[in-house]
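K.L.:
Numbering (our numbering), first residue to last: 144 to 390.
Backbone N, C-alpha and C fix where the C-beta goes; we use that ideal spot for every residue, glycine too.
Below you will find the structure I want to go over with you.
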């Protein structure tokens, strides 16, 4: 009733001013339709809605079922990078059939099903590593690495952030920086599901992969490469001799 009375009073005031020759609006202003309580509620809604936080903004542990085998597998899923700054791609560490996999999941096309593509990552200021990944047979936006996953997992557990880059079949580069805060617990959980404990060697150096060796070797001069390869050959020969003696 108060709202209706206020509306009528405002209209009567306008009619009186019109009779007195004053300039008046041909209709009542919209502010006359709202009381103070409604205005407060509207302001509260506008204030709180933009600050809602999604649960997908953090690393998380999940258990899902394979659609073909109906077997349960576990995974640690990274958050998506901030919108507008990077592409919508994220990482997953999966334990499936007692094997660990590093998976990249993108909203954009990567390559045709079952095709290979280059994947680069860099944790903090560590050397950038290039891996060859393959898209799944039923997806063009998800790919996995056939290389051992322990190295990248150890770096994720001990790092602060990871920069990833995907070279797609249409020569478009997808990139993102993903924070690693809160990644240790879900990643270790997935690793333990596959029988791997990261507690002892999480703070130590991870295994030196062939991909990293080839990348660092290519940065040396030809003479330095010959020297390194000669030393490696000597180490291999001595190791083979030691193994023969043990037998």
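1) Using the C-alpha atoms, what's the distance from residue 384 back to residue 272?
2) What's the C-alpha gap between residue 318 and residue 211?
3) Could you tell me the alpha carbon to alpha carbon distance between residue 233 and residue 253, rounded to whole angstroms?
4) So the candidates are 323, 265, 303 and 242; which of them puts its Cα closest to the Cα of residue 287?
5) Mind checking who residue 322 pairs with in its DSSP beta bridge?
6) Count the other CB atoms, across all protein chains shown, that sit within 10 Å of the CB of residue 296; report buried if there are 16 or more and exposed otherwise.
7) Cutting at 8 Å between CB atoms, please list the residues of its own chain near residue 311, excluding the five before and the five after it.
8) I'd like the list of long-range same chain contacts for residue 216, defined as Cβ closer than 7 Å, with 5 residues on each side in sequence excluded.
9) Across which residues does DSSP place residue 357 in a beta bridge pair?
10) Can residue 285 and residue 256 be called in contact, C-beta distance under 7 Å?
11) Applying the criterion that 16 or more other CB atoms from any shown protein chain within 10 Å of the CB defines a buried residue, is residue 386 buried or exposed?
12) Determine the closest residue to residue 201 out of 279, 223 and 341, with distance taken between C-alpha atoms.
13) Which class does residue 386 belong to by DSSP, given the choice of helix, strand or coil?
14) Look at the alpha carbon of residue 90 and the alpha carbon of residue 299, and state the distance between them as a whole number of angstroms.
15) Taking the alpha carbon of residue 327 as the point to measure from, which residue in 340, 320 and 315 has its own alpha carbon closest?
16) Give the single residue among 338, 321, 359 and 371 whose Cα lies nearest to the Cα of residue 225.
17) Give a yes or no on whether the C-beta atoms belonging to residue 302 and residue 266 are separated by under 7 Å.
18) From which residue to which residue does the beta strand (DSSP E) around residue 331 run?
19) Based on Cα-Cα distance, which residue from 280, 325, 308 and 371 lies nearest to residue 221?
20) Between the Cα of residue 313 and those of 258, 358 and 330, spot the shortest distance and give me the residue it belongs to.
21) With 16 as the cutoff for other CB atoms within 10 Å, does residue 281 come out buried or exposed?
22) Identify whether residue 244 lies in helix, strand or coil by the three-state DSSP scheme.
23) Helix, strand or coil, according to DSSP, for residue 376 in the structure here?
24) Would you decide whether residue 244 is buried or exposed? Buried here means 16 or more other CB atoms lie within 10 Å of its CB.
25) Tell me, which residues are paired with residue 207 by DSSP?
26) Buried or exposed for residue 162, please, with buried defined as at least 16 other CB atoms from any protein chain shown within 10 angstroms of its CB.
P.N.:
Concretely, from the data shown:
1) Residue 272 and residue 384 have their C-alpha atoms roughly 33 Å apart.
2) About 31 Å.
3) Each residue's Cα considered, the two are about 13 Å apart.
4) Measuring C-alpha to C-alpha distances from residue 287 to each of 323, 265, 303 and 242 identifies 242 as the nearest.
5) Listed as beta-bridge partners of residue 322 by DSSP are 304.
6) Flag for residue 296 reads buried.
7) In its chain, beyond the 5 residues on either side, 251, 252, 253, 254, 260 and 317 have a beta carbon closer than 8 Å to the beta carbon of residue 311.
8) Taking residue 216 as the centre and dropping the five residues before and after it, the same chain places the C-beta of 207, 209, 237, 238 and 239 closer than 7 Å to its C-beta, in chain order.
9) Among the bridge pairs identified by DSSP, residue 357 is matched with none.
10) At a Cβ-Cβ threshold of 7 Å, residue 285 and residue 256 do not count as neighbours.
11) Exposed.
12) When only C-alpha atoms are compared, the closest one is 223.
13) In the structure shown, residue 386 sits in a helix (DSSP, three-state: H, G or I).
14) A query on residue 90 cannot be resolved here, the shown segment of the chain reaching from 144 to 390 and no further.
15) The shortest Cα separation from residue 327 among 340, 320 and 315 belongs to 340.
16) Per the Cα distances, 321.
17) Taking 7 Å as the Cβ cut-off, residue 302 and residue 266 qualify as a contacting pair.
18) DSSP places residue 331 outside any beta strand (DSSP E); the residue lies instead in the alpha helix (DSSP H), whose first and last residues are 327-336.
19) For residue 221, the nearest C-alpha among the options comes from 325.
20) Checked all of 258, 358 and 330; the closest Cα to residue 313 is 258.
21) Its Cβ having fewer than 16 others within 10 Å, residue 281 is exposed.
22) Strand.
23) DSSP places residue 376 in helix when its eight states are reduced to three.
24) Looking at its Cβ environment, which holds 16 or more other Cβ atoms inside 10 Å, residue 244 is buried.
25) Paired residue(s): 216.
26) Note on residue 162: pLDDT 48, under 50, position unreliable in the model; no value is reported.
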